[in-house]
Structures are given as structure tokens and as C-alpha cells.
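Peer 1: Be aware that the sequence shown starts at -17, since it is given in the numbering used here, and climbs by one per residue. Cβ coordinates follow ideal geometry from the N, Cα and C atoms, glycine included. Bear in mind the structure is a predicted one, so any value in this text is a computation, not a measurement. Sending over a structure as C-alpha cells; questions will come in a sec.
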Amino acid sequence: MQKSILSVFSLLALFNFPLAQAQEVPAPPGLVFAFEVLVEVADPTVVGELPNGTRRIVDILGGTFEGPGISGRVVPGGADWQIIREDGFTDIDARYTLETDDGDLIYVSNIGIRHAPPEVITRLNAGEVVDQSQIYFRAVPKFETAAPELEWLMRSIFVASGERYPNGVVIRFWRLL
């Protein structure tokens, strides 16, 4: 153990890497807004109670998206496969397709979570409009496309925040710099 610690210090000295510098926290990466998706959804289909929560499937009926240099529609036919735990915490697994105004297709796989105080979740699941600032709704999307001009979607990491309304979802995507 002592020998490996000495090896690490020797390696740091070899590369002229001061220990104080190793302990500094670098600035976080920046974010740039990519686009916003407005999704129209159907009423949830409740599959039933599972050991890890209630399985629901929320069909995606359509919608639109727009951002700097990109816009189009949400293709009907995707869905959000959810597990809602007893405390209201929701695991989100949404998969759908976007079609740009130029006709290019983008497959989206959006894995995330949503949670809020129990009374807010109860109202949200009952179809009521709730104060979105009380809901934590975040996701990490992955994109696939054959369009060369949209390759940037597959060559970056994105994060998303969402807002859930009775008949729809608003999702905003940011690209990590």
C-alpha cells in the first residue's frame, strides 16, 4: 500500500503536477440550449402493480419541436414507459421519433426521473395542472439519426428538463459543451 502511494506521488512529480492543483475543482462544463419539444400524450394505460411499482405506458400522439436551426414534428407512435413507486417517484423511459422540417428522422431515447411532494404527484396523476417548480423532472437523452447535418446530436451529451401537464409534456434539451 505504502509503495503504491509513493508511486503515485513519484508519477505526479514526474509530470510536474503539484498536489494543490490536483485538489482544485475545475469549472463545470457549460450548456447551450438545443431545442424544445411540445409533446401531446394520451391518458396513461396502467399495466398494473409490479414489485418495483406501478407500470404505466403513456402513448405519444404527436407534437412539435423547435430550436436554433432545427424544427419539426413529433411523429405519433412513441411512448413513455414509466414505473411509479409507492412514494410517487417516477422512472421515465421515453422513446419516440422526431421528423425535421427537412424530412430527416431523429430517434430519441430519453431516460429520466420525476418526483415531487406526494400531494403534488397525486394531483398530477389525477390530471390537474400543478406548479411545475415543485416537480423535479430531468432526463438524459440519446439521439440517433442518419442525417449528416444532424450528426452533432450523436456527438454530444445532452441533458433535459421537463414539465408535465394534463395532456402534454414540455421537454427542453441542452447540449453539454
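Please tell me whether residue 117 and residue 21 are closer than 8 Å, where the distance is taken between their beta carbons.
Peer 2: Contact: no.
Peer 1: So the candidates are 67, 110, 128, 15; which of them puts its Cα closest to the Cα of residue 48?
Peer 2: Per the Cα distances, 15.
Peer 1: Can you name the start and end residues of the beta strand (DSSP E) that residue 34 belongs to?
Peer 2: Here residue 34 belongs to no beta strand (DSSP E), and DSSP marks it neither H nor E.
Peer 1: Would you mind working out which of 127, 102, 95, 111 sits nearest residue 78, comparing C-alpha positions?
Peer 2: Comparing Cα-Cα distances from residue 78 to each of 127, 102, 95, 111, the minimum goes to 127.
Peer 1: Please work out which residues of its chain come closer than 7 Å, Cβ to Cβ, to residue 103, disregarding the five sequence neighbours upstream and downstream, and give them in chain order.
Peer 2: 70.
Peer 1: Tell me whether residue 9 is buried or exposed, calling it buried when 16 or more other Cβ atoms sit within 10 Å of its Cβ.
Peer 2: When all chains shown are included, residue 9 counts as exposed.
Peer 1: Taking all protein chains shown into account, decide if residue 122 is buried (16 or more other Cβ within 10 angstroms of its Cβ) or exposed.
Peer 2: So residue 122 counts as exposed.
Peer 1: Suppose you measure from the CA of residue 112 to the CA of residue 97; what does that come to, to the nearest Å?
Peer 2: Near 13 Å, if we compare the C-alpha coordinates of residue 97 and residue 112.
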